[in-house]
Amino acid sequence: MKINNNNIKSDLLSGMVVFLVALPLCLGISVASGAPPFAGIITGVIGGIVVGMLSKSHVSVSGPAAGLIAIILVAITDIGYPTFLAAVVIAGLIQFVLGLVKAGGISSYFPTSVIDGMLVAIGIIIIKKELPHAIGYGTINDGQFFSYEIIKEDYGFVTNILHSFNFAHLGAIIVTATSLFIIYAFNNISALKKIKAIPGALVAVASGIALNEFFITAFPSLAIPKEQLVMLPKASSLNEFFTQFTLPSISGFTNPSVWVVGITIAIVASIETLLCLEAGDKMDPLKRFSSANAELRAQGIGNMLSGLIGGLPMTSVIVRTTANVNAGAKTKLSAIFHGVFLLLAVLTIPSLLNKIPMASLAAILIMIGLKLASLKTFRHLWDAGKQQFIPFIVTVIAVVFTDLLKGVGIGLAFSIYFILKENMKLAYFFNKEHHHESNTTQVDLAQEVSFLNKATIKQTLSNLPNNSKLIINAAHTVYIDHDVLELIRDFVNFGSKDKNINVKLINFRPAYKMENAVYDYATTK
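Okay, here's the thing in structure tokens:
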């Protein structure tokens, strides 16, 4: 792994922000899954350090996944925790094999409209889940700090949130409001935006601790209750620390039912990881491509190690990844730093971290949710036409009211309908020529370039050598899918610059709105 000294500072700070977001998620997801709280910390550390080092992704961050809560809870209840750990090891082995056989290519077939819908839906879910914590209602042990599961109490979707206001805590509300103001100020006030050394989220957390300590001393009625603070496991000695690790049951590896659980986890975790990887690449300001197969191999090794020492199954996690991008991460060092911070925190300063109000962390997540569910995304997809907007809005609604995988599946079904409808009009061909003498690659697009061709084009662009030339000719094209156009734009504006590739776009129709495209009459004959 090459380390650029210019990026260490920004990656260190973004790693700190991701650590603050990841800490309560690790604990909350672990508790909700029926596992020991320390299991979530183990998973976060391995996801950050081990997977972070092995992954080829520049911005994605791994850890325990809320989308696996239901599967884990049922499995632990049925077969017990030590036996369940064997299933985690099996899942990791399967993922590693999937990476070796290059099954990760499926990630290229997730349409942009569906990815955008998933991100917006997750933003809405984050806000919905964090509002109770923002007003001081609920604890990390209620298992609802962040989950894709719909609230299943006697209250409805909106009614449940309104009901929580009956139990609002004024001290928590003050902390939340202060934290939101600080984060907003650091993101929007020019003088504060220039202070790169101190992220707004870190200031918000420090202010939350200071405010609550002030309440305890001066206004006890405003002091936030202990159950609404971070609850990090504390060990009084190194020996006690190591007793928190659990080894898998050896007999579980020969149990057919354990293999069924392992296969289930491998499939669900792989799909969630590939979805997050594609979304992470889309959020990456530099629009870099990640290797899906390398990610599956990294996740597989991470899950095998996690299962061997008592951790939960992990995936690439969209909440951590979004926090990472928003905090200004430049490379995967930020993911590694977040894992190091988790490890150091549980070893050295659990008492200090246990003073962090959940309200401050909820404020960080609410700001992330608002950014994910931006109205700009709705407008962008609306302007792109019904073929893009309908799958997008269907995905948003489906993910919010079902879960991640079901929602994405429903969105994909709508997207495929529009793709097939367009593909019925014209046949497809794709031609690529490489001129060795001039180090130039020419791609002649077909009459119909659909979303189904995105993977081939993406692979071609990824494999281009440094300091080469690329010509993309659309002379014979009457239709180019929105996702393919976006892929080409991102490569022209970002990817090509990383590899010093000279790109020339010729004969793209004005309707495609491709900047700097030229019309070459000679190539249309």
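The working numbering numbers the first residue of the sequence shown as 46 and each following residue consecutively.
Positions of the beta carbon are idealized from the N, C-alpha and C atoms, including for glycine.
Since this is a predicted model, take the numbers as computed values, not measurements.
- If you ignore the 5 residues before and after F463, its C-beta comes within less than 6 angstroms of the C-beta of Q432, all in its own chain and listed in chain order.
- 8 angstroms or more divides the Cβ of G97 from the Cβ of G456.
- Annotation for D161: the continuous alpha helix (DSSP H) segment containing it runs 157-179.
- Straight-line measurement puts the Cα of K271 at about 42 angstroms from the Cα of A337.
- Around the Cβ of R424, a 10 Å sphere holds fewer than 16 other Cβ atoms; the residue is exposed.
- Relative to the Cα of G216, the nearest Cα in the group L247, A268, A120 belongs to A268.
- In the DSSP assignment, S405 falls within the unbroken alpha helix (DSSP H) covering 403-417.
- Distances from the CA of P156 to each of L320, I363, T447 were compared; the closest alpha carbon is that of L320.
- Residue pairing by DSSP places N518 opposite D489, I551 in a beta bridge.
- Here Y229 carries a helix assignment [DSSP, helix/strand/coil].
- In this chain, the alpha helix (DSSP H) harbouring S379 covers 378-393.
- Excluding the 5 residues flanking it on each side, V445 has same chain C-beta neighbours closer than 7 angstroms at A166, I169, I170, in chain order.
- Counting only residues of its own chain and dropping the five nearest sequence neighbours on each side, A368 has a CB closer than 7 angstroms to the CB of V62, V63, V66, I413.
- Cβ atoms of T88 and G356 come within 8 angstroms of each other, at about 4 angstroms.
- Secondary structure of T440 (DSSP, three-state): helix.
- Around the C-beta of I243, fewer than 16 other C-beta atoms lie within 10 Å, and the residue is accordingly described as exposed.
- Contact between N257 and G245 is ruled out by a C-beta separation of about 19 angstroms, above the 8 angstroms threshold.
- The shortest CA-to-CA distance from V303 to any of I312, A131, A249 is the one to A131.
- Buried is the label assigned to E340, since at least 16 other Cβ atoms lie within 10 Å of its Cβ.
- As computed with DSSP, Y524 is found in a beta bridge with E493.
- The way I'd put it, the region 482-495 does touch the region 524-536; three or more beta-carbon pairs between them come closer than 8 angstroms.
- I551 and I502 do not touch by the CB rule: their CB atoms are close to 16 angstroms apart, not below 8 angstroms.
- Taking each of I116, S100, G92, I117 in turn and checking the Cα distance to S107, the smallest one comes out for G92.
- With a threshold of 16 other beta carbon atoms within 10 Å, L277 meets it and is buried.
- Contact annotation: the region 119-128 touches the region 71-84, with at least three C-beta pairs closer than 8 angstroms.
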